[in-house]
Amino acid sequence: MKPVIFYGVPSGCSLASVIASEWLGQPYHLVRIEMMDKWPAQFAQVNPRMKTPAMLTASGDSLTESLAILQHIGQRGVAQGLGFEPGTPNADRLASMLSYLVTDLFAAFAPLWKLYDAGIDDPTVKSVLRKYGEDAVRVEYAYLDSLLADRAWLLGGDKPTVADAYLFAIGRWAEYHTVFKLEDSYPNVARYMRKLAADPAIRFAQEIEKNGAARGNGSFQGHVEISQLDMSKASFTSTLAAA
Ligand SMILES: N[C@@H](CCC(=O)N[C@@H](CS)C(=O)NCC(=O)O)C(=O)O
Numbered sequence: 000m001k002p003v004i005f006y007g008v009p010s011g012c013s014l015a016s017v018i019a020s021e022w023l024g025q026p027y028h029l030v031r032i033e034m035m036d037k038w039p040a041q042f043a044q045v046n047p048r049m050k051t052p053a054m055l056t057a058s059g060d061s062l063t064e065s066l067a068i069l070q071h072i073g074q075r076g077v078a079q080g081l082g083f084e085p086g087t088p089n090a091d092r093l094a095s096m097l098s099y100l101v102t103d104l105f106a107a108f109a110p111l112w113k114l115y116d117a118g119i120d121d122p123t124v125k126s127v128l129r130k131y132g133e134d135a136v137r138v139e140y141a142y143l144d145s146l147l148a149d150r151a152w153l154l155g156g157d158k159p160t161v162a163d164a165y166l167f168a169i170g171r172w173a174e175y176h177t178v179f180k181l182e183d184s185y186p187n188v189a190r191y192m193r194k195l196a197a198d199p200a201i202r203f204a205q206e207i208e209k210n211g212a213a214r215g216n217g218s219f220q221g222h223v224e225i226s227q228l229d230m231s232k233a234s235f236t237s238t239l240a241a242a
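Residue 17 in numbering that gives the first Met the number 0 sits at position 18 of the sequence shown, and the numbers go up by one each step.
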């Protein structure tokens with residue numbers, strides 16, 4: 000089967016998996032999840048934690064967690080420079096960067112998402128969450144700004160990897176949560192985000208998020224309904240596959 004990516008709107012981290020799929024250039028389908036609405040019950044078979052992104056791979060197995068999905072796409076896209084041969088120093092560097100992004104950078108935004116998602120009325124709790132989130136976000140953007148001072152892509156090199164797809168998806172959250180204007184505070188991150196925003200795959204993925212009439216590079220084979228999918232192998236996540 001063709002791989003299926005489940006992506007969430009608004010402004011999900013799953014944008015990275017759509018961008019990486021488009022960069023890979025191999026056929027794939029998408030399932031859209033409106034995260035603020037009631038989620039389709041069948042999605043629990045793919046990810047019982049009810050989070051996006053999730054994936055059905057070409058073998059029909061479910062795969063969850065951005066890091067795992069991006070590594071999976073990266074390994075299929077070694078020729079395109081999206082990932083690296085397992086066991087090489089570059090593969091280690093990519094794993095390290097992805098791990099930093101999905102833990103430290105993602106976690107820095109957690110208090111701000113808490114404020115956004117939950118109806119918190121207590122003004123003291125609100126201002127503590129806001130301050131805690133903003134401070135944490137600034138620490139990570141200062142680090143990223145220093146990294147990006149002398150390189151075009153997150154890992155250096157002359158092509159983006161799946162880590163760049165993820166940083167684009169998460170990097171936009173500082174302005175989404177109006178923490179700061181990137182241009183004013185972190186010019187290297189701002190330049191990097193501007194360059195990525197002009198990339199055709201990223202423009203496509205953002206159009207998809209907006210539910211626009213997106214035209215990709217030909218690898219996107221259309222949206223599917225979750226009820227149309229063969230989910231017989233979709234509860235793989237908790238056990239090892241047979242050798
Ligand atoms: N550890 C997961 C986190 C995924 C996650 O929290 N996704 C968010 C969107 S960025 C989500 O689905 N939120 C919906 C919810 O929590 O209800 C990963 O890295 O993939």
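All residues carry an ideal CB built from backbone N, CA and C; glycine is no exception.
Bear in mind the structure is a predicted one, so any value in this text is a computation, not a measurement.
Check: What residue does the beta strand (DSSP E) around V3 start on, and which one ends it?; Outcome: V3 to V8
Check: Answer yes or no: the CB of V101 versus the heavy atoms of ligand 1, is any distance below 6 Å?; Outcome: yes
Check: Just how far apart, CA to CA, sit N4 and H28?; Outcome: Checking the sequence shown, residue 4 turns out to be Ile, not Asn. One C-alpha to the other measures close to 6 Å.
Check: Report all residues for which the CB-ligand distance to some heavy atom of ligand 1 is below 7 Å; order them along the chain.; Outcome: G7, G11, C12, S13, M34, M49, K50, T51, P52, T63, E64, S65, L66, V101 and F105
Check: Tell me the DSSP secondary structure of M96 in three-state form.; Outcome: helix
Check: Residue range of the beta strand (DSSP E) that Y131 falls in?; Outcome: It is not in any beta strand (DSSP E) - Y131 instead sits in the alpha helix (DSSP H) that spans P122 to L146.
Check: What three-state label does DSSP hand H222 in the structure shown?; Outcome: strand
Check: According to the Cβ coordinates, are Y140 and V188 closer than 7 Å?; Outcome: yes
Check: State the CB to CB distance for the pair G132 and F108, rounded to an integer number of angstroms; the pair is presumed to be in contact (CB under 8 Å).; Outcome: 7 Å
Check: Does the pairing of the stretch 169-185 with the stretch 214-222 give three or more beta-carbon distances under 8 Å?; Outcome: no
Check: Return the chain-ordered list of same chain residues with a C-beta closer than 6 Å to the C-beta of A53, the five sequence neighbours on each side being excluded.; Outcome: F5, V45, N46 and T63
Check: Whose C-beta lies closer than 7 Å to the C-beta of D163 among residues of the same chain, with five residues either side of it excluded?; Outcome: W152, L153 and L195
Check: Between Q79 and L23, which are expected to be in contact by the criterion C-beta below 8 Å, what is the C-beta distance as a whole number of angstroms?; Outcome: 7 Å
Check: Who are the Cβ neighbours of S226 in its own chain at under 7 Å, not counting the five residues just before and after it?; Outcome: Q41
Check: In terms of residue numbering, what span does the beta strand (DSSP E) encompassing M54 cover?; Outcome: A53 to L55
Check: Which residues share a DSSP beta bridge with Y27?; Outcome: F219
Check: Check each candidate in K1, L69, T56 and M35 and name the one with the smallest Cα separation from A168.; Outcome: L69
Check: Would you kindly report the start and end of the unbroken beta strand (DSSP E) that includes S61?; Outcome: S61 to T63
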